[in-house]
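These protein sequence lines are chains A and B, in that order. Just so you know, we're using the working numbering here: the first sequence kicks off at 1 and counts up by one. Just so you know, we're using the working numbering here: the second sequence kicks off at 586 and counts up by one. Ideal Cβ positions, reconstructed from N, Cα and C, are used throughout, including at glycine. First the structure, in the form of structure tokens, and then the observations on it.
There are 2 protein chains.
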Amino acid sequence: MLRTHTCGELRLSDVNKSVTLTGWAQRTRDKGSLLWIDLRDRYGITQLFLEEGKTDAPTLQLARSIGREYVLKVQGTVVERLSKNDKMPTGDIEIKVSSLEVLNPSKVPPFTIEDNTDGGDDLRMKYRYLDLRRNPVRENLQLRHKMAQQTRVYLDGLNFIEVETPVLIKSTPEGARDFVVPSRMNPGEFYALPQSPQTFKQLLMVSGFDRYYQIVKCFRDEDLRADRQPEFTQIDCEMAFISQEDILNTFEGLVRHLFKHVKGIDLPAVPHMSYAEAMKSYGSDKPDTRFEMKFEELNDLAQGKGFQVFDSAELVVGICAKGCAEYTRKQLDELTEFVKKPQIGAKGLVYVQCKADGSFKSSVDKFYSGEDLKKWAGKFNAQPGDLLLILSGERTKTQKALNELRLKMGDLLGLRDKNKFAALWVIDFPLLEWNEETNRWHAMHHPFTSPKREDLHLLDSQPGQVRANAYDMVINGTEVGGGSIRIHDRPTQQLMFTKLGFSEAEAKKQFGFLMDAFEFGAPPHGGIAFGFDRLCSLFGGADSIRDFIAFPKNNAGRDMMIDTPSTISQEQLDELGIDVKEAKE
Amino acid sequence: MLRTHTCGELRLSDVNKSVTLTGWAQRTRDKGSLLWIDLRDRYGITQLFLEEGKTDAPTLQLARSIGREYVLKVQGTVVERLSKNDKMPTGDIEIKVSSLEVLNPSKVPPFTIEDNTDGGDDLRMKYRYLDLRRNPVRENLQLRHKMAQQTRVYLDGLNFIEVETPVLIKSTPEGARDFVVPSRMNPGEFYALPQSPQTFKQLLMVSGFDRYYQIVKCFRDEDLRADRQPEFTQIDCEMAFISQEDILNTFEGLVRHLFKHVKGIDLPAVPHMSYAEAMKSYGSDKPDTRFEMKFEELNDLAQGKGFQVFDSAELVVGICAKGCAEYTRKQLDELTEFVKKPQIGAKGLVYVQCKADGSFKSSVDKFYSGEDLKKWAGKFNAQPGDLLLILSGERTKTQKALNELRLKMGDLLGLRDKNKFAALWVIDFPLLEWNEETNRWHAMHHPFTSPKREDLHLLDSQPGQVRANAYDMVINGTEVGGGSIRIHDRPTQQLMFTKLGFSEAEAKKQFGFLMDAFEFGAPPHGGIAFGFDRLCSLFGGADSIRDFIAFPKNNAGRDMMIDTPSTISQEQLDELGIDVKEAKE
């Protein structure tokens, strides 16, 4: 090694040792006869020290020429600092430099390599290799490494086998769009990149591998949002000879293990909530349960009193914001504007202030007496000082809008602390959901999810009412994982494909191998996949996954650093037997 | 769990326990009043036992209907066997069945699920999920998992960080062909799948990550040989602030750790051998050093005696096969035929038999006296009973042919035991090699490999003589890993691209980001990549990598099970803005 120690490890007990360090010049302070350099590497910062008259002149001169981010190799002696810095682990010592070598100079970096950099997003992405030098970004990737390690510790300990599944697979356009790869050896044919290893992990169960996992890259060619990436990583798991409870227990165990060993947090047992209950009480299939503020439905109390808006609504539903009764007109107007934003879509907001004196004031006093409002308040168990916020309209839309308002109130009231974690299993999802665009039923989870046996009789008459053996793990209002108990027999799988509008030929072309496999002794099985990027960002207390990925792409799917995608040569196109179409006018 | 125990864990100490097992029916023996079923899962086999009169009639009837590979759930009591089977861990006990459930029936599998199956290669690949049920294949994948685990244990212990690098990168056609992925969001542009994470790991060094690894999928669109796959896995590593010796020591440590913890073998320290020495003594840059049989050059002794074939040859070189002096005419003819095969390419084979009585007999007695031949034998330190085998001709071709003959003799003499392991570092590879097809110099390792400083002056005059800081790890004649100390400054990298025939624009388009990065404080760095599939097959004592990959592709790059590559829809092509060309007549 070019160094004897890292920049993070020397202490008072090392005083008088001769050491060699390597690293980057973080900053230089030149006080005339005295010169200090902060030398940085992945492990920390160590202060170097040179003194006119004591350090030899050429070394001192060289040191004075050093700019930010120069790569240095330094020999010297560990000495005790006169003025110690108790904010850094190496703050008790410094290195009296005897020799100095510039291993590589650096141009002035386009932004500062500091925790709070002056670099904008685009610049940081273009020079990602410099951005990765910054502590917060590096620490995110170290956290990610630790998460992967601990995931393996837990699953290896339970006899799971990590098996690598192929990346060059077959296009099966159900679900999101596939990325495809033209095959040179089979002209006119294509591989696809996996959206998940779903069918392969099921085949591994058919093979008897019984407990499988993989931390694996997956790919979806979707129009990107801020927190989506075309390639992303899953903790992908599957088990055979299990019930749904076994899966929930095993992977609740994983999440609790990660909290314990990565963050030192004892996560309590994870409650279960049905999809129906989540929608009713939170208007969301991924409720943030760090705070209560549950929905209460008011149809029985609020309808039939002449207030046309409520009377004509499918649902009248509200939340109680503790201690917000004294919100000003302006604050209440802002909340009204918030719910009326097109992406929220409510037509208006009704409020009831529960005054300190026990009286009530509402925006609908014209229609409702104090006695009426008192009954409403009773339903929420509201106390004097609380504020009721009520929306009405079509059931699903109103629930969704109130969910947004609830989350906003949670933010305003400081109830969504990033250092507090509330996990939840949402279970009993619907099997199917109606898609307005394609005018047919789609699988809510995926076509391999098994319906609940007791609901199967509804499949023809009320397909939307059939529940699936499907579950999501939700933490702080974010879906971090989801899975299901799978279909493991050919007739049910075939029925499912039929319900989803596959012709028999399509089903056979795309998934014939899986249905064949089900006929050779497929065991009951099920599994789950966690979004690893998302889980890491959640553990890191961040909103975006991007800084938990070493080399992310931007919202146009572009890597700004290496500048890809890019054109390829005509020779490559010819070998692949494809043409690029003329751009449309 | 549907089971209380696996099929591999019950012992005498469990006798009288009530248990529930699940698994596959391996075989049934029906002796009239007694019926046995071997129940198999990933963990082993447990014998089930039913008896007429004691087992209830419907259960017995059901048991009699069970075919191979049916999936069963069985309840019963552990009892001691009357006739024990000491060949299986559960051989002391059997299960007296009280209830039996068929979880899923099975069609008759297309081949037997036995260690030695009757299934041919194509059938096994098409029904890979059944092939994976066989012990040898499952054990290969379990070995692979253990190899990955122990690789991580070793590297994590040395502060390496696993960082995921992107899969959707940029096409850089130097080297093998890229697989490409059309970008829908950037019509006319393509991503490429990585042949290795080379540039990204170097950028991580520029970022200060200092010790990186990744067990990662890589992709090469090459015409496939039996032991190549279009997607394969590397243990990919890089270190900064190191010398070549540091890399060799660190990764020799990895290989020895794997031998120790996966196979229980103490591998001795790994010797170093220069490329020049390897070629001279073994005619190969990946010599099998499980046995000696080194080359000896005979030009000085064999030329000038009137034997035109030797006199006109650039190289006369031979090996000594211990104890083979009494090979018959037929055996010697077979060896001659072997070396004359087109893929070996020698014109003929000269032999010298060192007779037990101290005399010599050769195929060139006409030209050489007993005294001459004695001198030859002396050079090999040959003993009575040994056989010298000698080839001649152009240096490189003759070395390669003799290498093949040496390996063949090693096989014939049983010197290539799959349970014996000899590792070797081959170092000091040439930087460049001349490519006859493209009529230019190519990088022997890759364009990022640094030349030896002391050879740099030869770069213009004798480019073929410049050695690189490049090294391969060779085990039993197989290259299992290779790497180099990298260039870390822009001028040298630019010079290298120029030597390789890149225009400045090409170099900038493809690798500008890397050369830019070198200007912002790039540390000295280097690394290595191990072929993980190959390493696993070596540890497993197998020749082919295919059975160490869960779902491999055949030699046409096709996955026979899922039948990919395959056509995609016109809608998909349209969205991607590409056309498939008409097939050529």
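DSSP-derived helix/strand/coil call for residue i
i: leucine 1085 of chain B; result: coil
i: phenylalanine 360 of chain A; result: strand
i: cysteine 592 of chain B; result: coil
i: glutamate 1170 of chain B; result: Summary for glutamate 1170 of chain B: the model assigns pLDDT 41, below 50, so the residue's position carries little reliability; its value from the coordinates is reported in the next sentence. Glutamate 1170 of chain B falls in the coil class under three-state DSSP.
i: isoleucine 344 of chain A; result: coil
i: arginine 416 of chain A; result: coil
i: serine 1122 of chain B; result: helix
i: valine 752 of chain B; result: coil
i: proline 287 of chain A; result: coil
i: serine 207 of chain A; result: coil
i: tyrosine 43 of chain A; result: coil
i: glutamine 368 of chain A; result: Before going further, note that residue 368 of chain A is tyrosine rather than glutamine in the sequence given. Here tyrosine 368 of chain A sits in coil by DSSP.
i: proline 491 of chain A; result: helix
i: glutamine 888 of chain B; result: coil
i: valine 1171 of chain B; result: Given a span of 586 to 1170 for chain B in the structure shown, any question on residue 1171 of chain B remains unanswerable.
i: arginine 64 of chain A; result: helix
i: arginine 486 of chain A; result: strand
i: proline 799 of chain B; result: The residue asked about is misnamed: residue 799 of chain B is glutamine in this sequence, not proline. Strand.
i: alanine 1114 of chain B; result: strand
i: leucine 635 of chain B; result: strand
Interface residues of chain B facing residue i [CB-CB closer than 8 Å]
i: valine 364 of chain A; result: What valine 364 of chain A touches in chain B: nothing, since even the nearest Cβ is about 48 Å away.
i: valine 97 of chain A; result: The contacting residues do not exist; valine 97 of chain A stays about 17 Å from chain B at best.
i: methionine 1 of chain A; result: Phe826, Ile827, Ser828 and Asp831
i: aspartate 156 of chain A; result: Gln734
Bounding residues of the alpha helix (DSSP H) (the contiguous stretch that carries residue i)
i: glutamine 660 of chain B; result: Premise fails: glutamine 660 of chain B lies in the beta strand (DSSP E), 656–665, not in any alpha helix (DSSP H).
i: asparagine 249 of chain A; result: 244–258
i: isoleucine 310 of chain A; result: Residue identity differs from the one stated: residue 310 of chain A is phenylalanine in this sequence, not isoleucine. Segment 308–311, the alpha helix (DSSP H) holding phenylalanine 310 of chain A.
i: leucine 778 of chain B; result: No alpha helix (DSSP H) contains leucine 778 of chain B, which DSSP labels as neither H nor E.
i: aspartate 131 of chain A; result: 128–131
i: threonine 605 of chain B; result: Not the alpha helix (DSSP H): threonine 605 of chain B falls in the beta strand (DSSP E), residues 603–615.
i: valine 153 of chain A; result: 135–157
i: asparagine 104 of chain A; result: Counting along the chain, asparagine 104 of chain A falls outside any alpha helix (DSSP H), though it belongs to the beta strand (DSSP E) covering 93–104.
Start-to-end residues for the beta strand (DSSP E) that takes in residue i
i: asparagine 972 of chain B; result: Checking the sequence, you will find leucine at residue 972 of chain B rather than asparagine. That run of the beta strand (DSSP E) goes 972–978.
i: tyrosine 936 of chain B; result: 935–939
i: asparagine 554 of chain A; result: No beta strand (DSSP E) holds asparagine 554 of chain A; DSSP gives it neither H nor E.
i: phenylalanine 817 of chain B; result: 816–825
i: methionine 596 of chain A; result: What is shown of chain A runs 1 to 585, which leaves residue 596 of chain A out entirely.
i: aspartate 1164 of chain B; result: 1163–1165
i: histidine 261 of chain A; result: Looking at the DSSP string, histidine 261 of chain A is not in any beta strand (DSSP E), and its letter there is neither H nor E.
Amino acids of chain B, ordered along the chain, whose beta-carbon sits closer than 9 Å to that of residue i
i: alanine 556 of chain A; result: Met770 and Asn771
i: tyrosine 70 of chain A; result: Gly1106
Chain A residues whose Cβ lies nearer than 7 Å to that of residue i
i: lysine 1166 of chain B; result: Gly577, Ile578 and Asp579
i: aspartate 1074 of chain B; result: Asn104
Chain B residues whose Cβ lies nearer than 7 Å to that of residue i
i: glycine 208 of chain A; result: Trp609, Asp626, Arg627 and Arg718
i: methionine 561 of chain A; result: Phe1098
i: lysine 107 of chain A; result: Glu1104 and Phe1105
i: lysine 408 of chain A; result: Those within 7 Å of lysine 408 of chain A in chain B number zero; the least Cβ separation is about 32 Å.
i: phenylalanine 200 of chain A; result: Phe1136
heavy atom of the ligand ADP below 7 Å from residue i C-beta
i: leucine 920 of chain B; result: In terms of ligand content, the structure shown is empty, and the ligand ADP therefore cannot be addressed.
Residue i: contacting residues in chain A (beta-carbon distance under 8 Å)
i: aspartate 1040 of chain B; result: Correct list: empty, because the minimum Cβ distance to chain A is about 21 Å.
### Query
Are there three or more Cβ pairs, one per stretch, closer than 8 Å when the region 229–242 of chain A is compared with the region 569–582 of chain A?
no
### Query
Would you say the region 151–169 of chain A touches the region 1140–1149 of chain B, given that touching needs at least three Cβ pairs under 8 Å?
yes
### Query
If you pair each beta-carbon of the region 763–774 of chain B with each one of the region 742–750 of chain B, do three or more pairs fall below 8 Å?
no
#### Entry: Continuous beta strand (DSSP E) assignments of at least 3 residues falling wholly in the region 405–482 of chain A
423–427, 432–435, 440–443 and 470–475
### the region 1066–1080 of chain B contacting the region 517–530 of chain A, beta-carbon criterion three pairs below 8 Å
no
### Query
Curious, which full-length alpha helix (DSSP H) runs of at least 4 residues does the region 314–341 of chain A contain?
329–340
### Query
Taking three-plus beta-carbon pairs below 8 Å as touching, is the region 268–281 of chain A in contact with the region 331–349 of chain A?
no
### Query
Below 8 Å, can you find three or more Cβ-Cβ pairs linking the region 979–996 of chain B to the region 882–897 of chain B?
no
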